[in-house]
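Under full-length UniProt numbering, the first residue of the sequence shown carries the number 1, and numbering increases by one thereafter.
Structure, as structure tokens:
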Amino acid sequence: MILGYNNDLKRYGVLDFDLWVKGKEGLNCGQSLEVFINGEWVKDRIERKNDGTWYLVNNNQICGTGDYRDSIEGLKVRFN
Numbered sequence: 001m002i003l004g005y006n007n008d009l010k011r012y013g014v015l016d017f018d019l020w021v022k023g024k025e026g027l028n029c030g031q032s033l034e035v036f037i038n039g040e041w042v043k044d045r046i047e048r049k050n051d052g053t054w055y056l057v058n059n060n061q062i063c064g065t066g067d068y069r070d071s072i073e074g075l076k077v078r079f080n
């Protein structure tokens, strides 16, 4: 599963291949997840700044605004 921006909901969601994962079409601020970074799974959560930028709390250099070139776009994720 990967993170992708859902233009209809104006928030990041989770895709499995090219389909939105039921119940994960639009993640809420504070949503806990694990991301695959540098070859390992890391616990984190997603948040949104007032300017509309989404970011990972423990890896705040990874962020996005809905552009497909953003560093958060396409990250591998999983949920416990």
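Virtual Cβ for every residue (Gly too), placed ideally from N, Cα, C.
In this text the structure is predicted, and so the values were computed from the model without any measurement.
If you reduce the DSSP assignment to three classes, tell me which class residue i lands in.
{"i": "GLN31", "result": "strand"}
{"i": "GLU25", "result": "coil"}
{"i": "PHE36", "result": "strand"}
{"i": "ILE72", "result": "coil"}
{"i": "ASP18", "result": "coil"}
Nearest-angstrom Cα distance between residue i and residue j?
{"i": "TYR68", "j": "ASN28", "result": "19 Å"}
{"i": "ARG78", "j": "VAL35", "result": "7 Å"}
{"i": "ASP8", "j": "LEU15", "result": "14 Å"}
{"i": "residue 83", "j": "ARG48", "result": "In the structure as shown, the chain begins at 1 and stops at 80. Residue 83 is therefore absent and cannot be evaluated."}
{"i": "ASN58", "j": "PHE17", "result": "26 Å"}
{"i": "LYS76", "j": "MET1", "result": "6 Å"}
{"i": "GLU72", "j": "TRP54", "result": "Rather than Glu, the amino acid found at residue 72 in this sequence is Ile. Answer to the nearest angstrom: the Cα atoms are 8 Å apart."}
Got a sec: does the ligand SAH put a non-hydrogen atom nearer than 6 Å to the Cβ of residue i?
{"i": "ASP18", "result": "Looking for the ligand SAH in the displayed structure turns up nothing, as the structure carries no ligands at all."}
Is the CB-CB distance between residue i and residue j below 7 Å?
{"i": "TRP20", "j": "GLY30", "result": "no"}
{"i": "ARG11", "j": "GLY26", "result": "yes"}
In terms of DSSP beta bridges, what is residue i paired with?
{"i": "ILE43", "result": "Residue identity differs from the one stated: residue 43 is Lys in this sequence, not Ile. In DSSP, LYS43 forms a bridge with GLU34."}
{"i": "TYR55", "result": "GLU47, CYS63"}
{"i": "ASN6", "result": "ARG11"}
Is residue i buried or exposed, if buried means 16 or more other CB atoms sit within 10 Å of its CB?
{"i": "VAL39", "result": "Here the sequence assigns Gly to residue 39, which means Val is not the residue at that position. The residue in question, GLY39, is exposed, as its Cβ has fewer than 16 Cβ neighbours within 10 Å."}
{"i": "GLY52", "result": "exposed"}
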